[in-house]
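Engineer: In our numbering, the protein residues as written are 10 to 137.
Cβ atoms here follow ideal geometry from the backbone N, Cα and C, with glycine treated the same way.
Only a predicted model underlies this, so the values are computations on that prediction, with no experimental measurement involved.
Structure below; questions to follow.
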Amino acid sequence: MKNIPIQTILQSIALLFLVIIGYFMFTASSNWQVVTTELEKAKEELKFATDSILATKVQLEKTKQEFQQMKVQKDFLIHTRDSLILSFKRNNAKDWEDLQKIKDSIVLTNEKLDKDRLLLDGLFGLHQ
């Protein structure tokens, strides 16, 4: 067997290490690209989800305001109805005590009606 110089053996081992290190660098680089693209996709999805949540929040606030307006309208209609009923009772009352009770009820109902009217006008922006 020939005598192989140690320098050649060391060069071969160094070349083998360089090939192994190069392979790991190449695979690590491609994995890094995959991780980067996945992070970009996740970032886009997060942005989309954030925009969607903000749009839902705005819509919820609008719906909440509309619901409050409908509640005030309902209260306004109820108090208007009560006022009409009390006016009818006042016109048909027989004695003085009934008239006094009805008068007190009408005053309370009219106060509620005025408050509801102001609240309703404020919600619809009529007195700003």
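#1: Flag this pair as yes or no: are the beta carbons of arginine 99 and isoleucine 115 separated by less than 8 Å?
#2: Pull up the distance between the alpha-carbon of glutamine 16 and that of methionine 34, whole angstroms please.
#3: Contact check, glutamine 77 vs leucine 129 under 8 Å by CB: the rounded distance?
#4: Look up asparagine 100 in the DSSP assignment and say whether it is helix, strand or coil.
#5: Look at the Cβ atom of aspartate 60, then the Cβ atom of aspartate 125, and state whether they are nearer than 8 Å.
#6: Going straight from the alpha carbon of threonine 45 to that of isoleucine 29, what length do you get?
Structural biologist: According to the structure data:
#1: yes
#2: 26 Å
#3: Glutamine 77 to leucine 129, Cβ: 10 Å. No contact.
#4: helix
#5: no
#6: 24 Å
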